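Student: What follows is a structure written as structure tokens; I'll ask about it next.
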Ligand code: MF3
Ligand code: CO
Ligand code: CO
């Protein structure tokens, strides 16, 4: 069931979205060569608490930390660790979700560490573009599959692949709720967009030809590309308005 948000929900989701966006902006100068992903986790947790919110990932279905840090061939759900130190040439996605007064804001970005090779830089830039293509496709009355179609149309020309096993999602009082938002074209997503819906668009794009991914059997979370290639991701939480999409996770 897809919840249509009322005026109050929307007001609260704007606040939660804004805080999530501020958090991602706050952490940016710390995302540098030599720091551990646990250090970034701890700074995010502290910032979130200071602003009267909760880190939604912590203990969510047993997730052990407050943010997801997904390095290089990690697609999503990477677990921050003291042993994982950022180095020159890495790409890393930081995915933050705050819960403020009962409402969630979810956003992520892939950062470049030092000198990143051209191929990886292109992947990251194009993944961000892909997210914005998806956002631009949002219009009340259109089908959800238009989002995936727009992303796929843009991404297909580069020879990359679009991850299928992880999707965007409705969001509100729940971290994850209906509907699923597919980032590739599929008639499975034949539901109409409606004013007042709020969901994320968060394409994960693999540099290699395979969209297939693997979940670590060791920690039960870390998702990596099956072929070991790099993967990038960007995420915004958006509200469907009469005109299109309002990005809620923007500062
Ligand atoms: N923030 C992720 C998303 O975009 C979800 C992380 S779930 C967690 O949906 F448990 F890993 F935190
Ligand atoms: Co999300
Ligand atoms: Co997220």
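Residue numbers (the working numbering): 568 to 818.
Think of the CB as a built atom: it goes at the ideal place given N, C-alpha and C, for glycine as much as any other residue.
Please read these numbers as outputs of a predicted model, since none were measured by experiment.
1. How far does the alpha helix (DSSP H) with residue 701 in it reach, from first residue to last?
2. Just to confirm my understanding: we take residue 592, look at its own chain, exclude 5 residues before and 5 after, and list those with CB closer than 7 Å. What are they?
3. Would residue 613 be called buried (16 or more neighbouring beta carbons within 10 Å of its own) or exposed?
4. Please report the distance separating the alpha-carbon of residue 570 from that of residue 667.
5. Starting from residue 516, trace the beta strand (DSSP E) both ways and give me its first and last residue.
6. Between the alpha carbons of residue 626 and residue 722, how many angstroms are there, rounded?
7. Is residue 675 near ligand 3, going by C-beta to nearest heavy atom under 7 Å?
8. How should residue 608 be labelled, buried or exposed, when 16 other C-beta atoms within 10 angstroms of its C-beta is the threshold for buried?
9. Suppose the cutoff is 7 Å on Cβ atoms and the five residues either side in sequence are ignored; what does the same chain contact list for residue 814 look like?
10. Out of 673, 589, 692 and 655, which has the shortest C-alpha to C-alpha gap to residue 741?
11. For a test of the three-state rule: what should DSSP assign to residue 637, helix, strand or coil?
12. Closer than 7 Å: is that where the CB of residue 736 sits relative to any heavy atom of ligand 2?
13. Let me check understanding here. Comparing Cα to Cα, which of 718, 747 and 775 lies closest to residue 532?
14. Give the straight-line distance between the Cα atoms of residue 681 and residue 659, rounded to the nearest whole angstrom.
15. Going by Cα to Cα distance, which pick from 599, 717 and 619 is closest to residue 697?
16. Tell me whether residue 627, by its Cβ, gets closer than 7 Å to a heavy atom of ligand 1.
17. Count the other C-beta atoms from every protein chain shown that fall within 10 angstroms of the C-beta of residue 764, then say buried if there are 16 or more, exposed otherwise.
18. From 737, 739, 785 and 797, pick the residue whose C-alpha is nearest to that of residue 694; which is it?
19. Would you say the beta carbon of residue 664 comes nearer than 7 Å to a heavy atom of ligand 3?
20. What's the call for residue 622, buried or exposed, on a 16-neighbour Cβ count within 10 Å?
21. My assumption, with CB atoms under 8 Å, is that residue 746 sits in contact with residue 758. Please give the rounded CB distance.
22. Report the rounded CA-to-CA distance for residue 586 versus residue 663, giving the unit in angstroms.
23. Given this structure, state the Cα-to-Cα distance separating residue 636 from residue 707, to the nearest angstrom.
24. Which value, in whole angstroms, describes the spacing of the CA atoms of residue 656 and residue 808?
Tutor: Taking the coordinates as given:
1. 685-703
2. 818
3. exposed
4. Here the C-alpha atom of residue 570 lies approximately 18 Å from the C-alpha atom of residue 667.
5. Because the chain in this structure spans residues 568 to 818, residue 516 falls outside the shown range and cannot be described.
6. 34 Å
7. Checking the Cβ of residue 675 against ligand 3 gives yes.
8. buried
9. Scanning its chain for C-beta atoms nearer than 7 Å, with the 5 sequence neighbours on each side dropped, one finds around residue 814 the residues 702, 803 and 805, in chain order.
10. 673
11. strand
12. yes
13. No answer is possible for residue 532: it lies beyond the span of the chain, which begins at 568 and ends at 818.
14. Looking at the backbone, the Cα of residue 681 and that of residue 659 are separated by about 12 Å.
15. 717
16. Using a cutoff of 7 Å, the CB of residue 627 counts as near ligand 1, since one of the ligand's heavy atoms is closer than that.
17. buried
18. 797
19. yes
20. buried
21. 6 Å
22. Residue 663 has its alpha-carbon roughly 10 Å from the corresponding atom of residue 586.
23. Rounded to whole angstroms, the separation of the alpha carbons of residue 707 and residue 636 is 33 Å.
24. 40 Å
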